[in-house]
Structure formats: structure tokens, C-alpha cells
Amino acid sequence: MTAFPTIASAATDIAAGHLSPVALTEACLERIDRHDATLHAFIRLERDRALAAARTAEAEIKEGRRRGVLHGIPFAHKDIYETAGIPTTCHSKLLQDYVPARDAFTVARLAEAGIVMLGKLATHEFAIGGPSFDLPWPPARNPWSPEHFTGGSSSGTGAGIAAGFMLGATGSCTGGSIRLPAAYCGLAGIKPTYGLVSRTGIQPLAFTLDHAGPLAWTVEDCAILLQAMAAHDPADPGSADVSIPDYRAALMGDLKGLRIGVVRHFYEKDVTVSVEVGSATEASIGVLSRLGATVKDVTLPPLQDWNACGWLILSAEAYSVHEPWLKARYNATAATSASALHSARS
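Counting in the numbering used here, the sequence shown runs from 483 upward without gaps.
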């Protein structure tokens, strides 16, 4: 086993009997014990639960009851995803004692797929803002350099995967919270098409902008995770009732027939990027062309206009979610906060 196996490689080894889910989970826990005191990726580590799940997965696989690619894979959840019987804090003092009765829709789907859930991961408080130092848990640190930012708000997700604590984890993206940790921590992440992944049981930030999605080491791993997470959920008003293709298989084909627009003025004029980022972007465009896609430059309104509209929507919707807490913040307790959470959702 390598120090940082991918989900795809670990799944192949597990299926062949060359890798034990228990040994893989123990290796992840050992890395957490060694490094998380510095990195603070986890708010809560569920060691005993994880080892029990790994033993169950190993027994099921040996008995010929393997559930699929994710069976026995160590995983963790951003702590805005509700987990039945396990505190879901949103990295906030207001919810430090809130214990949901049900799993989020995606948490339940990933559990059914057989993941080994290691625990709950740090975020920015209520998945907005930046790292804070006055909360019950410290902010996550970047494994490549602990003095540097992880990107957020899926900060513990980015830090934990990059440190080898788990092979994949959940994130959420309203204004960059999957894409930024992926970029800052050297990972892959997917902000799925709106409505593809249910948000039921995930703390909202802005209802019309929130997306739930995965982070992992590779695009292939993210495709595997998206396969498990994507499904229609009648409880989410924004959930799309569409067929789910085989995302992993789609990675193996060409891009003939795909039309891609490149908004060059976003990064050449509206905001000037570094030479390295510009060169990498051009190289990526070249790859897409060579794979058969039709790539054309397109012009849109300035990036600053999109940013202003996004922040206006986000601020208004976030206020509607958090209004009960904002009005009663100085005397709020965990109990009243949990009540306010359910009031906001209803």
C-alpha cells in the first residue's frame, strides 16, 4: 500500500484481496494521530465507529457481498453534513452540542455504498467567511505548509485529504468552497451541476447557490464519489429528477461533439492572473482541443458584475437562514440554536 492511495487503486487492491479495509483504516488513523494536532482537519474523530465499520466491510467483502468501489474506503464529512447520533456543529459554538436524529441524504447514500466514516471535518463557521481563532476548534491548516491557508470553506476536507487522513470527503460550494480547497491543497474537486446532488440535511448558506460535492486526490476518484452522491431527492426542492450516467466510464472517451466556451477576459482583463496560471489555463485549453472538443472564445458581462450579483444573493439568503441566531446571538444556547436551525429549514 502506498502512503496516499487513491480510491480507485485502493478499491482494486481490496477487491483482489491485496488490501484490508481494516489495515487501510488503521493506516489513516495512524496518520491522523501523528499529524492532526498540527493540521486540525478533524473536529470529531470517530475512531471506534470507523474500526467497527472497517471490520464489517472486510467481513462482507470476504463473504462475497462487496457493495462496490467505495466499500471499505476511509472517508469523512464536512461538519455541515448531518450525521445521525454524531454532533454536527458547523464549526460553531452555537451548535457544538447539536446531535441530528437523521443522516443527510448524501451521508446515507455514501454509508449505503460502504464507506468507512472516520469523523467530521473542520470548516469555516457556518461555511462562510474565513478561518477564525475564537471558536471551540482551531481552523484547519494546509499540510503543504501549516502557516498557509487551506482555502475554504471546506477547509478540513482539503487539509485531511492532502495529509493522507482519508481517501475522499464531502464538501460544499456556494462561492468557491470546493474549488478553493482543491486548488490550495493540490487536490481534485467537483462543484456538480445545480440540482444533481441533494442538499437535504446539509446546513444551508444560500439556497439558490449551494452545491454539495466531493473532493479527492484525482478526477477519477471524484467521479466515483459523485456516482454515489448524485440522485433525485424529493425533499430538496432544487433536486433535479434526471438519469445519472456512468461518470467514471465517461472519463475514458473523447470529447467529440462537446462545445466549450472560454471567457478569456475573466482572467486576462477583468482580473489579471499570474503568468503561471495563464500558461496552465492555455495548456488545459489545448488538451481539450486535442481530445476533440470545439473550443471558442466567448464574451460575457465583466467578472465584477457576476461577483456583485453573487454576493448580493448570498448575503440576502444567508441572512434569511441565520436571522433567528443573529437576533438572539447574545443569549443563544445550543438548544435554542438547534431549534432555530430546524425553523430556518422549514
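We treat Cβ as the ideally placed atom computed from N, Cα and C, and that holds for glycine.
Helix, strand or coil: how does DSSP classify residue 519 here?
On the sequence shown, residue 519 is found 37 positions in, with the first residue counted as 1. Three-state result, residue 519: helix.
Count the other C-beta atoms from every protein chain shown that fall within 10 angstroms of the C-beta of residue 800, then say buried if there are 16 or more, exposed otherwise.
Taking the sequence shown and counting its residues from 1, one reaches residue 800 at position 318. The residue in question, residue 800, is buried, as its Cβ has 16 or more Cβ neighbours within 10 Å.
Beta carbon of residue 738 nearer than 8 Å to that of residue 774
As a position in the sequence shown, residue 738 is number 256, starting the count at 1. As a position in the sequence shown, residue 774 is number 292, starting the count at 1. Yes, Cβ-Cβ distance for residue 738 and residue 774 is below 8 Å.
Please classify residue 811 as buried or exposed, where buried requires at least 16 other C-beta atoms within 10 Å of its C-beta.
Residue numbering aside, residue 811 sits at position 329 when the sequence shown is read from its first letter. So residue 811 counts as exposed.
Buried or exposed (CB count within 10 angstroms, at least 16 for buried), residue 786
Translated into positions along the sequence shown, residue 786 becomes position 304. Classification of residue 786: exposed, given that the 10 Å Cβ count is below 16.
List the whole-angstrom C-beta distance separating residue 638 from residue 523, where the pair is believed to meet the contact cut-off of C-beta under 8 Å.
The count along the sequence shown starts at 1 and reaches residue 638 at position 156. The count along the sequence shown starts at 1 and reaches residue 523 at position 41. 4 Å between Cβ atoms; contact.
In chain order, what residues of the same chain lie with their CB nearer than 6 Å to the CB of residue 532, ignoring the 5 residues before and after it?
Position 50 of the sequence shown, counted from the first residue, corresponds to residue 532. Here the set comprises 507, 598 and 600.
For residue 440 and residue 693, what's the separation of their Cα atoms in angstroms?
This structure cannot settle anything about residue 440, because the visible part of the chain is limited to 483 through 828.
According to DSSP, is residue 503 part of a helix, a strand, or is it coil?
Numbered from its first residue, the sequence shown carries residue 503 at position 21. Correct three-state label for residue 503: helix.
Would you mind working out which of 550, 621 and 541 sits nearest residue 572, comparing C-alpha positions?
Position 90 of the sequence shown, counted from the start, is the residue given in the question as residue 572. The residue with the shortest Cα to Cα distance from residue 572 is 621.
Own chain residues within Cβ distance below 7 Å of residue 635, not counting five before or after:
For the purposes of this step, residue 635 is taken as residue 153 along the sequence shown, with counting starting at 1. Answer for residue 635: 605, 606, 609, 610 and 659, listed in chain order.
Count the other CB atoms within 10 Å of the CB of residue 678; is the residue buried (16 or more) or exposed (fewer)?
As a working note, residue 678 is residue 196 in the sequence shown. With 16 or more other Cβ atoms within 10 Å, it is buried.
Below 8 Å on the Cβ atoms is my contact criterion, and I expect residue 595 with residue 585 to pass it. Report the Cβ-Cβ distance as a whole number of Å.
As a position in the sequence shown, residue 595 is number 113, starting the count at 1. As a position in the sequence shown, residue 585 is number 103, starting the count at 1. Wrong, their Cβ atoms sit about 13 Å apart, outside the cutoff.
Which value, in whole angstroms, describes the spacing of the CA atoms of residue 644 and residue 704?
Walking along the sequence shown from the start, residue 644 turns up at place 162. Walking along the sequence shown from the start, residue 704 turns up at place 222. Using only the alpha carbons, I get a separation of about 14 Å.
Comparing alpha-carbon positions, which option in 750, 690 and 650 lies nearest residue 803?
To locate residue 803, count along the sequence shown from 1; it is residue 321. Answer by Cα proximity: 690.
Give the DSSP bridge partners of residue 693, in chain order.
Taking the sequence shown and counting its residues from 1, the one referred to as residue 693 is at position 211. Residue 693 pairs with 655.
Find the nearest neighbour of residue 487 within the set 806, 545, 729 and 557, judged by alpha-carbon distance.
For the purposes of this step, residue 487 is taken as residue 5 along the sequence shown, with counting starting at 1. Nearest of 806, 545, 729 and 557 to residue 487, Cα basis: 557.
Which term fits residue 755, buried or exposed, when burial requires 16 or more other beta carbons within 10 angstroms of its beta carbon?
Here residue 755 refers to the residue found at position 273 of the sequence shown. Classification for residue 755: exposed.
Straight-line Cα distance separating residue 602 from residue 560:
Position 78 of the sequence shown, counted from the start, is the residue given in the question as residue 560. Position 120 of the sequence shown, counted from the start, is the residue given in the question as residue 602. Cα-Cα distance, rounded: 6 Å.
Residue 757, buried or exposed, once every other Cβ within 10 Å from all chains shown has been counted against 16
Indexing the sequence shown from 1 puts residue 757 at position 275. Residue 757 is exposed by the Cβ-count criterion.
What's the gap between the Cα of residue 725 and the Cα of residue 709?
Your numbering for residue 725 matches position 243 in the sequence shown. Your numbering for residue 709 matches position 227 in the sequence shown. Rounded to whole angstroms, residue 725 to residue 709 spans 11 Å at the Cα level.
List the whole-angstrom C-beta distance separating residue 767 from residue 753, where the pair is believed to meet the contact cut-off of C-beta under 8 Å.
Taking the sequence shown and counting its residues from 1, the one referred to as residue 767 is at position 285. Taking the sequence shown and counting its residues from 1, the one referred to as residue 753 is at position 271. That belief does not hold up - the Cβ atoms of residue 767 and residue 753 are roughly 18 Å apart, past 8 Å.
Length of the line joining the Cα atoms of residue 545 and residue 499:
Here the question's residue 545 lines up with position 63 in the sequence shown. Here the question's residue 499 lines up with position 17 in the sequence shown. One C-alpha to the other measures close to 12 Å.
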